[in-house]
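Residue numbers (the UniProt record's numbering): 1 to 153. Glycine included, C-beta positions come from ideal geometry on N, C-alpha and C. Note that the coordinates shown come from a computational prediction; the quantities given were computed from them, not determined experimentally.
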């Protein structure tokens with residue numbers, strides 16, 4: 001845990017803040033607690049001294065409070081943005097994984113289909129060769145019959 005010091009010139013507070021490495025996200029109650037601690041510590045009585053010092057301290061405190069509030073809001077906003085970014089990245093990875101699985105299945109189906117087509121082609125070529133050989137035999141027989149018929153006439 002890291003310590004968050006949100007004050008300047010002796011005015012402010014400290015609280016423990018989870019490290020960024022743990023990917024901790026603030027819950028709504030944690031945010032409210034941080035804001036209440038922040039506001040409670042910065043709304044205290046002004047330090048003893050003259051009115052000009054008190055008003056100067058108040059203006060510095062108000063300026064510091066506004067800066068600290070902006071920093072806190074920005075930190076919370078950045079955490080939320082990082083959370084959304086991680087969610088988008090996770091969703092994108094899931095989509096890519098799904099696409100890979102779909103394409104692998106499609107590739108397997110296409111390979112099976114190609115195998116069936118190649119097998120059919122092989123069978124057609126064998127049948128074609130057999131028919132060609134049969135036609136050659138029938139032509140030779142027809143030629144022989146034509147010669148016999150010519151001799152008989």
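Taking only three categories from DSSP, how would you classify residue i?
i: residue 65; result: helix
i: residue 25; result: coil
i: residue 153; result: coil
i: residue 9; result: Caution applies to residue 9, whose pLDDT of 47 falls short of 50 and renders its modelled position unreliable; the value that the coordinates give is listed next. Looking at residue 9 - three-state DSSP - the assignment turns out to be coil, as it is neither helix nor strand.
Residue j and residue i - do their beta-carbons sit closer together than 8 Å?
i: residue 76; j: residue 26; result: yes
i: residue 34; j: residue 93; result: no
Between the options, which lies nearest to residue i when the distance is taken from Cα to Cα?
i: residue 79; options: 104, 30, 103; result: 30
i: residue 69; options: 97, 32, 86; result: 32
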